[in-house]
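S.K.: Handing you this structure, nothing more for now.
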Amino acid sequence: MINAKENASEMSNWFSKYEESMEFVLKGTNQPLVRILKTFTTIDLSGNKFSGKIPDSIGNLNSLKYLNLSHNSLTGHIPSSLGSVKALESLDLSSNRLNGEIPRKLTMLNFLSALNLSVNDLVGEIPQSGGQFSTFDNSSFIRNSGLCGFPLTKICKQDPTPPLQEHGNSNFVDGFSWRPVVLGYGCGFIIGVLIGCFVMEYGSPKWLLEPIFGIQ
1 MINAKENASE
11 MSNWFSKYEE
21 SMEFVLKGTN
31 QPLVRILKTF
41 TTIDLSGNKF
51 SGKIPDSIGN
61 LNSLKYLNLS
71 HNSLTGHIPS
81 SLGSVKALES
91 LDLSSNRLNG
101 EIPRKLTMLN
111 FLSALNLSVN
121 DLVGEIPQSG
131 GQFSTFDNSS
141 FIRNSGLCGF
151 PLTKICKQDP
161 TPPLQEHGNS
171 NFVDGFSWRP
181 VVLGYGCGFI
191 IGVLIGCFVM
201 EYGSPKWLLE
211 PIFGIQ
């Protein structure tokens, strides 16, 4: 006799090992994959015609060790959630159309011993961690024209140093404006010339010299 209650409990435990669903695009049609087993250690979907983005939910496959999605037409960014798959030892996303930067979170995969991100549209500097991620050679990253940094020979461009900003207007230096000074000198020169001409013509009038030089 089958114990239905016990059977239901076993089924419940079995299905708890599954992810609800994951969706891929195959030949232009959305193809949902339901009840994905979370305890899978190897997924190889290489050499198909998959397109679209890699779902973030792939980071929930905690037991995954080997992931190969190479030679498809996948687009979008590499999901940073892959950095949460701590058991991952091999990751091959080569020969797709993935773009954006390599997630820095991938440098946290301490067991990752094989990596291939070549032949994509990735950009930016290859993240450096000093750990396992830094052990991969240039073959892991080649044919990504926008990638730079070690281990590639292409050096990343440094941001140019911004020019020193001038404080205030160019006519105003260290809180001092030259415009009033220039105007003052100009007016003083004109007045001096007029006084000189007046003195040469009419002599030195007392009413002008007394207040200036104190001459009685």
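In full-length UniProt numbering, the protein residues as written are 1 to 216.
Glycine included, every Cβ here is placed at the ideal spot set by N, Cα and C.
(1) Within 10 Å of its beta-carbon, does F111 have 16 or more other beta-carbons around it, so buried, or fewer, so exposed?
(2) On the CB-based measure, 16 or more other CB atoms within 10 Å of its CB, does D44 come out buried or exposed?
(3) Taking the straight line between their C-alpha atoms, what separation do you get for T135 and L88?
(4) Quick one: give me the first and last residue of the beta strand (DSSP E) that F50 is part of.
(5) Ordered along the chain, which non-local residues of its own chain (more than five positions away) have a Cβ less than 6 Å from that of N72?
(6) Mind listing, in chain order, the continuous beta strand (DSSP E) runs of no fewer than 3 residues lying wholly within the segment 32-112?
(7) Rank K86, L74 and T75 by C-alpha distance to the C-alpha of K65 and give the top, closest one.
(8) For C156 and G131, I'd like the C-alpha separation in whole angstroms.
(9) With 16 other CB atoms within 10 Å as the buried threshold, where does N7 fall?
(10) Confirm, please, whether the CB-CB distance from F141 to L117 is below 7 Å.
(11) Using 8 Å for Cβ pairs, my map puts P127 next to I102. What's the rounded Cβ distance?
(12) Give the secondary structure of G146 by DSSP, where H, G and I count as helix, E and B as strand, and everything else as coil.
(13) Based on Cα-Cα distance, which residue from S113, L61 and G146 lies nearest to E125?
M.R.: On the basis of the supplied data:
(1) Reading the sequence shown from its first residue, position 111 is the one you call residue 111. Burial call: exposed.
(2) Position 44 of the sequence shown holds residue 44. Classification for D44: exposed.
(3) Numbered from its first residue, the sequence shown carries residue 135 at position 135. Numbered from its first residue, the sequence shown carries residue 88 at position 88. Going by the C-alpha atoms only, they are around 16 Å apart.
(4) For the purposes of this step, residue 50 is taken as residue 50 along the sequence shown, with counting starting at 1. Start and end: F50 to K53.
(5) Within the sequence shown, residue 72 is the residue found at index 72, counting from 1. Closer than 6 Å at Cβ, skipping near neighbours: N48, F50 and N96.
(6) 42-44, 50-53, 66-68, 73-75 and 90-92
(7) Walking along the sequence shown from the start, residue 65 turns up at place 65. The candidate whose alpha carbon is nearest that of K65 is K86.
(8) Taking the sequence shown and counting its residues from 1, the one referred to as residue 156 is at position 156. Taking the sequence shown and counting its residues from 1, the one referred to as residue 131 is at position 131. If you take the alpha carbons of C156 and G131, they lie about 21 Å apart.
(9) What you label residue 7 is simply residue 7 of the sequence shown in a count that begins at 1. Annotation note: pLDDT 40 at N7 (below 50); position unreliable, no value reported.
(10) If you number the sequence shown from 1, residue 117 lands on position 117. If you number the sequence shown from 1, residue 141 lands on position 141. In contact: L117 and F141 (Cβ atoms closer than 7 Å).
(11) Numbered from its first residue, the sequence shown carries residue 127 at position 127. Numbered from its first residue, the sequence shown carries residue 102 at position 102. P127 to I102, Cβ: 6 Å. Contact.
(12) What you label residue 146 is simply residue 146 of the sequence shown in a count that begins at 1. Here G146 sits in strand by DSSP.
(13) Counting from one through the sequence shown, the residue named residue 125 turns up at place 125. Selected option, being the one with the closest Cα: G146.
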